[in-house]
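Each number in our numbering corresponds to the 1-based position in the sequence shown with 429 added.
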Amino acid sequence: MRKKVELSKKQESIVFAENIPIYVKASAGSGKTRVLTERVRYLLSQTNKKVLALTFTNKAGEEIKERLSDIIDLEKRTFIGTFHGFCQTLIENHGNLIGYSQLPHIFEVDVDRLELIEDAINQIPSYALEYKKMETKDKLAFKYRALAFIANVKRELKSNFDDSNENEDVILLYQNYQEILYSQNAIDFDDLLLLGYTLLTEYPKVSKMYQRSFFSICVDEAQDLNNAQYQFLYALTNNEFKNIMMVGDPNQSIYHFNGSSPDFMNKEYINDFSPQIIELKENYRSSISVLSAAKKIIPEAEYIEGTIKKGIFEIHRANNQTDEAKWVIDKIKDLINLKNHDDIEGEITYEKIAILARNKYVFSTIDSQLQEERLPFYYKMTPGSVKFESMIMKTFDLALRVKLNSKDRLHKNRLMNNLNLITQIDTLNELIPNINLIIDDNLKKLIYLVIELKIDGSNLKQQFEKYKIELNIDDINDKNMVLNDIHELYKHWQNYAKKTDNTSLLQFKNAMALGQTHPLAQHSGITLSTVHTMKGQEFDIVFIIGMDDETFPDYRAIKKGGIDLTQEKNNCYVAFTRSKRFLYITWPSSRMMPWGDSRTRNISRFLVGIQ
430 MRKKVELSKK QESIVFAENI PIYVKASAGS GKTRVLTERV RYLLSQTNKK VLALTFTNKA
490 GEEIKERLSD IIDLEKRTFI GTFHGFCQTL IENHGNLIGY SQLPHIFEVD VDRLELIEDA
550 INQIPSYALE YKKMETKDKL AFKYRALAFI ANVKRELKSN FDDSNENEDV ILLYQNYQEI
610 LYSQNAIDFD DLLLLGYTLL TEYPKVSKMY QRSFFSICVD EAQDLNNAQY QFLYALTNNE
670 FKNIMMVGDP NQSIYHFNGS SPDFMNKEYI NDFSPQIIEL KENYRSSISV LSAAKKIIPE
730 AEYIEGTIKK GIFEIHRANN QTDEAKWVID KIKDLINLKN HDDIEGEITY EKIAILARNK
790 YVFSTIDSQL QEERLPFYYK MTPGSVKFES MIMKTFDLAL RVKLNSKDRL HKNRLMNNLN
850 LITQIDTLNE LIPNINLIID DNLKKLIYLV IELKIDGSNL KQQFEKYKIE LNIDDINDKN
910 MVLNDIHELY KHWQNYAKKT DNTSLLQFKN AMALGQTHPL AQHSGITLST VHTMKGQEFD
970 IVFIIGMDDE TFPDYRAIKK GGIDLTQEKN NCYVAFTRSK RFLYITWPSS RMMPWGDSRT
1030 RNISRFLVGI Q
């Protein structure tokens, strides 16, 4: 039997509100995920139609599903997932309307996009001439700038260029890149939103169909909306569908670099839908000490009344990064030896501790010392596409892509290089007459494995179990690397297969590209994470290291000022509120710079006056 969820009067007013536009302005720890989840539960009890719940991470979607897991036929009665995942579903179902007769493949890896943009550059004489004269590092920077421009065009939905003042070569570069993708029946990550928006605006009947299908739309973490996401949502509703709820906290907007802004929630949504605005100010998560410190970062953000646990907040100045790391590790040892504290439920374990930093490079010193002290830790990574380590399984990935998409020249060329073949093929089956030209017997058997895979993937595990028996690798470490990669593939397939009745290798590949198949297993040890990656998660005990000025806030944001510096302050606020009970801030008064000299550092400008 499901345990009854306790709700405050304010939370109840949101959960059981009328079917009108609602904007829930929720501060950190105020129970916004609980409110959204229980709102979805209530809506499903009121209708036979579906409910659409849009999130910004697969993990957030899985958490909502877990909380609603007692509802019969939840998967059929809802779509709970990311904007990109929903757009993928739209394209799967209606892509033929915009020229995709087959489901397009997602080129999600940077190395793929860099190769494609190089092809696009070489098709423009003026760019090609300039590009050939560049040093290697300058070529890479040029390609990344080009990809950043293309990503911005797609996020701003400006790909028409009819009224654009852009240079003709720049427009041609974008068009060349898109044509190369299209010719290989492929799209990149940003195309998902662009194509989803195109479907809804150019084919209003599609929008109408989804409006009839869904009873309500709920948007989690709405402060992270960017232009493409908001315009997609607006096109989906066509300003006629009004049963929408957005939940968000303007003070937790930290993805400005991806085009997100709280303005889409605070201004556009209010102007377009005139929602009822309800504020959740209470905090049910953090201690008085943590909230008092967070309130000094953003004074209007936190309400401390009703908070029970006192908690701990400390700032420690170290002489340098080595001393800083030693202090943190000594404090962790003391806490573990303490075992229990009145403010923390249960025994204090490594799993209740997180170490945060603005950028990953800041972890370098503490990483080394944690290893020396043999303390368990792991890095929390943002889920993305599966990255195999062994050459054999990297070749499998290439062969699978070619099997599923015969137009994919990019990965076809890489596959032939891996196999040391110069033969030109159109399909994977055309390798059979030349199979004996493959010198490595393991790769030869691998190609047969992929050719024999059923398109629904039903024999995937069977094929690999047979392959593992026949695998012939002398070096035990190399063999274990292959076996670990195969095991990783199994986990992703299992996570994919349990969510659908009709499996498909192509859908599986795209689901992996969107990070939808990543296992959500609990890791052991202390968590190390950047602030951006930790969004939406909390720990009883949090250390924030590297809180010296120009490290946090980042020197680039200080140089730019304005919105970039505001986002850094939001970053700091988010970092503080990841702590439920104890928060320790450290900073080195001297930092060794990457180029080898030591620099005197000042405490972060965000902490001045807090001590």
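Glycine is no exception: its CB is placed at the ideal position from the N, C-alpha and C atoms.
State the CB to CB distance for the pair residue i and residue j, rounded to an integer number of angstroms; the pair is presumed to be in contact (CB under 8 Å).
i              : j                 : result
glycine 514    : glutamine 945     : 6 Å
leucine 1041   : leucine 839       : In the structure displayed, the chain extends from 430 to 1040; residue 1041 sits before or after that span and is not available.
isoleucine 741 : phenylalanine 968 : The pair is not a contact, with the Cβ atoms about 13 Å apart (cut-off 8 Å).
glycine 460    : leucine 709       : 7 Å
arginine 496   : aspartate 617     : So it is not a contact: roughly 33 Å between Cβ atoms.
aspartate 914  : serine 819        : 5 Å
lysine 738     : isoleucine 706    : Lysine 738 to isoleucine 706, Cβ: 30 Å. No contact.
Excluding sequence positions up to five away, which residues of its chain have a Cβ less than 8 Å from the Cβ of residue i?
i                 : result
phenylalanine 661 : Phe512, Cys516, Leu622, Gly625, Tyr626, Leu629
glutamate 635     : The sequence shown places valine at residue 635, rather than the glutamate named in the question. Here the set comprises Leu519, His523, Leu526, Leu628, Leu629.
asparagine 487    : Gly510, Thr511, Gly514, Pro812, Leu943, Gly944, Gln945, His947
threonine 959     : Leu785, Ala786, Arg787, Asn788, Lys789
serine 1043       : Summary: the structure shown does not reach residue 1043, with the chain confined to residues 430 through 1040, and so no result is reported for it.
lysine 566        : none
arginine 1030     : Asp977, Asp978, Glu979, Thr980, Trp1016, Pro1017, Ser1018, Ser1019, Arg1020
isoleucine 864    : Lys873, Ile876, Tyr877
tyrosine 611      : Gly528
For residue i, which residues of its own chain have a beta-carbon under 7 Å away from its beta-carbon, when the five flanking residues on both sides are left out?
i                 : result
proline 728       : none
phenylalanine 825 : Leu875, Val879
leucine 601       : Ile553
lysine 755        : Gln798
valine 1003       : Gln681, Ile683, Val960, Lys964
Measure the alpha-carbon distance for residue i versus residue j and round it to whole angstroms.
i                 : j                 : result
phenylalanine 937 : phenylalanine 670 : 32 Å
isoleucine 758    : serine 1018       : 18 Å
glutamate 781     : valine 971        : Reading off the sequence, residue 781 comes out as lysine, not glutamate. Computed Cα separation, rounded: 9 Å.
isoleucine 673    : threonine 484     : 14 Å
methionine 675    : threonine 929     : 28 Å
arginine 506      : asparagine 931    : 17 Å
leucine 882       : leucine 934       : 9 Å
isoleucine 821    : phenylalanine 806 : 29 Å
methionine 416    : lysine 587        : Residue 416 cannot be examined here, being either before or after the span of the chain that is shown, 430 to 1040.
leucine 918       : proline 704       : 45 Å
isoleucine 449    : leucine 889       : 47 Å
asparagine 700    : glutamine 652     : 16 Å
alanine 940       : glutamate 537     : 11 Å
glutamine 475     : leucine 665       : 22 Å
asparagine 847    : alanine 828       : 10 Å
glycine 921       : glutamate 894     : In the sequence under discussion, the amino acid at residue 921 is histidine, which differs from the glycine named in the question. If I take the Cα positions, the gap works out to 16 Å.
glycine 954       : isoleucine 765    : 12 Å
tyrosine 779      : serine 715        : 19 Å
leucine 1036      : isoleucine 726    : 8 Å
leucine 473       : serine 442        : 17 Å
glutamine 440     : leucine 576       : 43 Å
glutamate 997     : glutamate 711     : 24 Å
threonine 466     : alanine 783       : 26 Å
leucine 767       : isoleucine 777    : 8 Å
alanine 747       : aspartate 870     : 57 Å
methionine 430    : valine 444        : Low confidence applies to methionine 430: its pLDDT is 49, below 50, so where it sits in the model is not reliable enough to give any reading.
threonine 1006    : serine 456        : 10 Å
proline 679       : tyrosine 663      : 20 Å
Whose C-beta lies closer than 6 Å to the C-beta of residue i among residues of the same chain, with five residues either side of it excluded?
i              : result
leucine 481    : Phe508, Phe643, Ile646
asparagine 834 : His534, Asn614
asparagine 551 : Ala557
lysine 648     : Per the sequence shown, the amino acid found at residue 648 is valine instead of lysine. Result list for valine 648: Leu483, Met675, in chain order.
By DSSP's criteria, residue i is part of a beta bridge. Which residues make up the other side?
i                  : result
proline 691        : Answer is none; proline 691 lacks a bridge partner.
proline 1017       : Ala747
histidine 1059     : An answer regarding residue 1059 cannot be provided, because it is not within the stretch 430 to 1040 covered by the chain.
glutamate 708      : Lys454
glutamate 753      : Its beta-bridge partners do not exist; DSSP assigns none.
arginine 1028      : Arg1020
leucine 785        : Ser958, Ile973
phenylalanine 1011 : Ile741, Ile970
Tell me which residue opens and which closes the alpha helix (DSSP H) that residue i is part of.
i                 : result
glycine 990       : Looking at the DSSP string, glycine 990 is not in any alpha helix (DSSP H), and its letter there is neither H nor E.
phenylalanine 578 : 565–584
glutamine 798     : 793–801
threonine 507     : Run containing threonine 507: none in the alpha helix (DSSP H); it sits in the beta strand (DSSP E), 507–511.
arginine 463      : 461–475
serine 887        : No alpha helix (DSSP H) contains serine 887, which DSSP labels as neither H nor E.
First and last residue of the beta strand (DSSP E) that includes residue i?
i                 : result
methionine 674    : 673–677
valine 648        : 643–648
lysine 479        : 479–484
phenylalanine 806 : 806–808
Is it the case that the CB of residue i approaches a heavy atom of the ligand FMN more closely than 8 Å?
i                 : result
phenylalanine 578 : Summarising the ligand content, the structure contains no ligands, and the ligand FMN is consequently not present.
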